[in-house]
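*Asks:*
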Amino acid sequence: MNAAVEVDSLYEAQWVTFYLEGECYGINVMQVQEVLRVSDIAPVPGAPEYVMGIINLRGNVVSVLDTRNRFGLPSRETDESTRIIIVEMDQQTVGIIVDSVGEVVEVQQDEVGKPPNVGNEESARYIHGIVSREGFLLILVELSRLLDQDLSEEF
Amino acid sequence: MKILVVDDFSTMRRIIKNLLRDLGYNNTEEADDGGTALPILQAGNFDFLVTDWNMPGMSGIELLKAVRADERLEGLPVLMVTAESKREQIIEAAQAGVNGYIVKPFTAVTLKEKIDKIFERIEA
Amino acid sequence: MTSYVDDEILEDFLIETSEILERLGDELLGFEKDPENSEILNSIFRGFHTIKGGAGFLGFSSLVNSCHKLEDIFNLLRQSQIKIDSGLMDLILQGSDYVNVIISALREGNEEPSQDDELIHKLNEYLLSCHEAGDQLVEKAMVDVEVAGEAFSDSDDAELEAMITASLSRREKKSSGLASVMESTEKSVISSDSLAETITEEEFEQLLDTLNAKKEDKQASTDMTEAPPQVTKVEKSQSAALAVTRKEKKPSTVKKADTTVRVDTRRLDDIMNLVGELVLSRNRLTALRDNFNDKKVIQAISNLDIVTADLQSAVMKTRMQPIKKVFGRFPRMIRDLSRSLNKEVDLVLLGEETDLDKNLVEELSDPLIHLIRNSVDHGIETPAEREKKGKHRVGKVVLSAEQEGDHILLKITDDGKGLDVEQLKIKALKKGIISDEKASTMTDSECFELIFMPGFSTKESVSDVSGRGVGMDVVKTRIAKLNGSIEIESTLAKGTNIVVKLPLTLAILPTLMVVVNGRKYALPLSIVNEIFELNTKKRSVVGGKDVILNRGKAPPLFFLKTWLSFDYMMIGREAKDEQVIMIQAGNQSIGFVVDQVIGQEEVVIKPLGVFLNGVTGLAGATITGDGNVALILDIPTMLRSRNYH
Chain A
1 MNAAVEVDSL YEAQWVTFYL EGECYGINVM QVQEVLRVSD IAPVPGAPEY VMGIINLRGN
61 VVSVLDTRNR FGLPSRETDE STRIIIVEMD QQTVGIIVDS VGEVVEVQQD EVGKPPNVGN
121 EESARYIHGI VSREGFLLIL VELSRLLDQD LSEEF
Chain B
1 MKILVVDDFS TMRRIIKNLL RDLGYNNTEE ADDGGTALPI LQAGNFDFLV TDWNMPGMSG
61 IELLKAVRAD ERLEGLPVLM VTAESKREQI IEAAQAGVNG YIVKPFTAVT LKEKIDKIFE
121 RIEA
Chain C
1 MTSYVDDEIL EDFLIETSEI LERLGDELLG FEKDPENSEI LNSIFRGFHT IKGGAGFLGF
61 SSLVNSCHKL EDIFNLLRQS QIKIDSGLMD LILQGSDYVN VIISALREGN EEPSQDDELI
121 HKLNEYLLSC HEAGDQLVEK AMVDVEVAGE AFSDSDDAEL EAMITASLSR REKKSSGLAS
181 VMESTEKSVI SSDSLAETIT EEEFEQLLDT LNAKKEDKQA STDMTEAPPQ VTKVEKSQSA
241 ALAVTRKEKK PSTVKKADTT VRVDTRRLDD IMNLVGELVL SRNRLTALRD NFNDKKVIQA
301 ISNLDIVTAD LQSAVMKTRM QPIKKVFGRF PRMIRDLSRS LNKEVDLVLL GEETDLDKNL
361 VEELSDPLIH LIRNSVDHGI ETPAEREKKG KHRVGKVVLS AEQEGDHILL KITDDGKGLD
421 VEQLKIKALK KGIISDEKAS TMTDSECFEL IFMPGFSTKE SVSDVSGRGV GMDVVKTRIA
481 KLNGSIEIES TLAKGTNIVV KLPLTLAILP TLMVVVNGRK YALPLSIVNE IFELNTKKRS
541 VVGGKDVILN RGKAPPLFFL KTWLSFDYMM IGREAKDEQV IMIQAGNQSI GFVVDQVIGQ
601 EEVVIKPLGV FLNGVTGLAG ATITGDGNVA LILDIPTMLR SRNYH
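Chains as they are written, first to last, in the working numbering: chain A, 1 to 155; chain B, 1 to 124; chain C, 1 to 645.
(1) Are the C-beta of residue 84 of chain B and some C-beta of chain C separated by less than 9 angstroms?
(2) I think residue 94 of chain A touches residue 62 of chain A, with their Cβ atoms under 8 angstroms apart; what is that distance to the nearest whole Å?
(3) Can you tell me which residues form a DSSP beta bridge with residue 524 of chain C?
(4) Given a cut-off of 9 angstroms, decide if residue 39 of chain C and residue 328 of chain C are closer than it, judged by their beta-carbon atoms.
(5) Taking Cβ-Cβ distances shorter than 7 angstroms, what residues in chain B pair up with residue 95 of chain C?
(6) Let me check understanding here. Comparing Cα to Cα, which of C:388, C:394, C:629 lies closest to residue 343 of chain C?
(7) Using DSSP with H/G/I as helix, E/B as strand and the rest coil, what is residue 144 of chain C?
(8) Beta-carbon separation of residue 44 of chain A and residue 83 of chain A under 9 angstroms?
(9) Which same chain residues, not among the five before or five after residue 252 of chain C, have their C-beta less than 7 angstroms away from its C-beta?
(10) Is the region 491-503 of chain C touching the region 362-379 of chain C, taking contact as three or more C-beta pairs under 8 angstroms?
(11) Name the residue from C:357, C:522, C:410 whose alpha carbon lies nearest to the alpha carbon of residue 351 of chain C.
(12) Helix, strand or coil: which one does DSSP assign to residue 93 of chain A?
(13) With 16 as the cutoff for other CB atoms within 10 Å, does residue 136 of chain A come out buried or exposed?
(14) Assuming residue 109 of chain B and residue 85 of chain B form a contact by the criterion Cβ under 8 angstroms, report the distance between their Cβ atoms to the nearest whole angstrom.
(15) So is residue 628 of chain C in contact with chain A if we call contact Cβ pairs under 9 angstroms?
(16) With a threshold of 9 angstroms between beta-carbons, can residue 606 of chain C be considered close to chain A, or not?
(17) Helix, strand or coil for residue 389 of chain C? Go by DSSP, reduced to three states.
(18) According to DSSP, residue 3 of chain B sits in a beta bridge with which residue or residues?
(19) Whole beta strand (DSSP E) runs in the region 578-616 of chain C with 3 or more residues, listed along the chain?
(20) Could you check whether the Cβ of residue 290 of chain C sits closer than 9 angstroms to any Cβ belonging to chain B?
(21) Closer than 9 angstroms, Cβ to Cβ, to anything on chain B: give me those residues from the region 31-53 of chain C, in chain order.
(22) Cα separation between residue 301 of chain C and residue 291 of chain C?
(23) Can you give me the start and stop residues for the beta strand (DSSP E) that residue 621 of chain C sits inside?
(24) Going by other Cβ atoms of all chains shown within 10 Å of its Cβ, with 16 needed for buried, is residue 454 of chain C buried or exposed?
(25) Assign residue 307 of chain C to one of two classes, buried (16 or more other C-beta atoms within 10 Å of its C-beta) or exposed (fewer than that).
(26) So which residues of chain A does residue 594 of chain C contact, with C-beta pairs closer than 7 angstroms?
(27) Just the chain C side, please: which residues come within less than 7 angstroms of residue 46 of chain A by C-beta, in chain order?
(28) Hey, is residue 199 of chain C's beta-carbon within less than 9 angstroms of any beta-carbon in chain B?
(29) Compare the C-beta of residue 25 of chain C against all C-beta atoms of chain B and say whether one is closer than 9 angstroms.
(30) Please report the Cβ distance between residue 590 of chain C and residue 636 of chain C, rounded to the nearest whole angstrom; I am assuming they are in contact, meaning their Cβ atoms lie under 8 angstroms.
(31) Taking DSSP's pairing of strands, which residues face residue 563 of chain C in a bridge?
(32) Could you tell me the distance, in whole angstroms, from the CA atom of residue 11 of chain B to the CA atom of residue 335 of chain C?
(33) Spatial neighbours of residue 49 of chain B within its chain, please: CB distance less than 6 angstroms, with the 5 preceding and 5 following residues excluded, ordered by chain position.
(34) In chain order, what residues of the region 27-41 of chain A put their CB closer than 7 angstroms to some CB of chain C?
(35) Determine, for residue 56 of chain A, whether the minimum Cβ-Cβ distance to residues of chain C falls below 9 angstroms.
(36) Starting from the beta carbon of residue 60 of chain A, find every residue of chain C whose beta carbon is closer than 7 angstroms, and list them in chain order.
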């Protein structure tokens, strides 16, 4: 269970959905380690803006990224439904904070469309593709971009 | 056949043990110089001794002499591993009662030939 | 490559060879000082011999050839056929360096570097030239060149045969058979063994036949009885010599084989991490101890506490390595350095057996190299200068290590020219590092600190010795990263003394836990000087900055709160029941105000991860006894990043 998921299988995989500002996003289930309720997040003075702080994950220190900040959305107080999705990429374990977590959905390859050229620029760069179903729009997130620190230096 | 491999260089011991294993000799033990080898030889029923020449402490030739001087080990076949086939050295070893010598580096085939030759001679 | 050489054997070979090379490095320098010491000579000879033997099996022809030449040279040396001089010593060191180069390349997973033809040529030349009566040697050298070039590249049996036959054919002109075997026995007993000719299989078989026959036939022939006594004579003197070395060496060899196990350091790291986890769990339980009323539970926790501490120190010990590993390379370095600078320097190493954490040993290497280079380059004067000053022409650098409590003290002392305070100031002014005003009020020790400032170098021209872009500031940063400190004392014309203080291990850090804004932070205990309540001392504002009056001085006072929130608009603010922690940063004492001091706690340092790598002022994080995360503050870099020196 790590980031080395084949590109082809990425399309046909199961996706964990989460919500940000009312929109539904998906992360490949293979990249998700677990989902946590928000406990104590220790802020780190001098940290980049998109890092909310660090948490204790069974004795390891894990950074929690502010996904809203990453997507150029206004910040929001955490509440009962706020979750931290623990993901693993390139042997780094990172938490991303989301408004709430939905369910696991299966997506077929031919369902995935190209990301639209609308919406704000910050979020567009992290989008892998769009799945459009009846009354339901799922934005597939390209985790490697979301977690790319170099990209964030540009801000 | 139970074989004792004596060399101060542990990599060399492993190489020799692997070669012996390739030849089907799986029952091998190691010692890192003559001084450690001798009590092991005296304690266990070894059928064959492969020893390096140049070792700190008790060298191969000294070990050979000690083996020949021990009445229980007198008849133990000894194969000496040397770096070169130096005439003077080999003669010294022969006079001390060595059964064969083999020059580093060597292959399993050469090793087999040497061992076979030693037993041929003993049985003859 | 053949089946008996698997990766494991290769790895073993490289590890073992590196150990031999390390030992050889020491022995070579020992040999230069004491060239007549036969024990050292034999050991060096055997070292190259052993590497050569292993390399042959693994098919490393450059390695075989280089070691072979060095082995030949030491064979001649140990037989007193040649004498050492500085030219030969250079050649030998060059050769052993090259062997090191090959091994490092192989350890890094690269191909074996191709043979250094120039070096081999030089070694050959030397071997040829130094032996006047040596037509045999010429022959031998020629064979060696052929052998290394071809036979070892593929350990095919036929080629080995060919190589033996080749050397045989050279001798075939002479008569063969037993007569010549016995004849040459006499000859070779007299001549040196390195010059002995080789024997063929057939000759050996014949020899065995004859010896067997001789055993059966009690009446030995006359030429037979003549030869053996001479051989035995040599044997006797040889075994007598060996018996002496055996007496000294055997116990350690035997013990080593019986009681040590080689363990992958990664496994040790894993164990250390697990112990770290255990320490955390222990801390958590200890924090909860007050919640229990049951005496037995409290007793059990106390036991766990003790056992954990013992386990921790036991595991730490397995990771310890003598500092000799770093020190070992300095004699050679000093030798090369003093030659290139035309200085004469004597290096004294003390406390080489002092143990410290393996990771620290590795991390320390570069800073120490720099400090020692610095001492020789900037500290020690030329022999002429020294004599003019009435000093001994040979300068002295002492490098010592000792354990002091949970710290290691490393001292580098030289008897050179010392630091010139006035010149340091002029330099710093010129470089704009300090102001005129500051220069006039600086103490001597503050001036010495200047050399650790970025961009400061005490020498006008950058020599190729200690120049190279890295300054003392880098050394200081590196030491600080290891939770260590560095101090400098110097007396003009007398010398300089640099003291590096380091923790014994990097994995576990003794800290002082404090609370700021309801969160716990850990400060390395090593920099904490004093703790007192804020309202017990008088505060004042000097030049727009808070100071606290303590022990007749007025060190600056900061509120950690403002530093952590980047809000500096709180100068002169009122405070109640707050605590002040006096911190030593370099030569400066600084007060930091915190809300509460919890006390000492040993913590396991956890890395912050890639997203927070660039954040200054933090040494990492740790999990506290109550399961929360606490940041470990790195005050010196915090001060630097906030532009405060």
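We treat Cβ as the ideally placed atom computed from N, Cα and C, and that holds for glycine.
*Replies:* Let me lay it out:
(1) yes
(2) 7 angstroms
(3) C:511
(4) no
(5) The contacting residues do not exist; residue 95 of chain C stays about 18 angstroms from chain B at best.
(6) C:394
(7) Confidence at residue 144 of chain C is low in this model, with a pLDDT of 47, below 50, so its placement is unreliable and no value can be given for it.
(8) no
(9) Because the pLDDT of residue 252 of chain C is 39, which lies under 50, any placement of that residue in the model is unreliable, and the number read from its coordinates should be weighed accordingly. Here the set comprises nothing.
(10) yes
(11) C:410
(12) strand
(13) exposed
(14) With 8 angstroms as the limit, residue 109 of chain B and residue 85 of chain B do not qualify as a contact, their Cβ atoms being about 17 angstroms apart.
(15) yes
(16) yes
(17) coil
(18) B:28, B:48
(19) 579-585, 588-594, 596-604
(20) no
(21) 42, 43, 45, 46, 49, 50, 51, 52, 53
(22) 12 angstroms
(23) 618-623
(24) exposed
(25) exposed
(26) Going along chain A, no residue has its Cβ under 7 angstroms from residue 594 of chain C, so there is no contact; the nearest lies around 14 angstroms.
(27) 615, 616, 617
(28) yes
(29) no
(30) Rounded, the Cβ-Cβ distance is 10 angstroms, inconsistent with contact.
(31) Paired residues: none, contrary to the question.
(32) 33 angstroms
(33) 4, 76, 78
(34) 40
(35) yes
(36) 606
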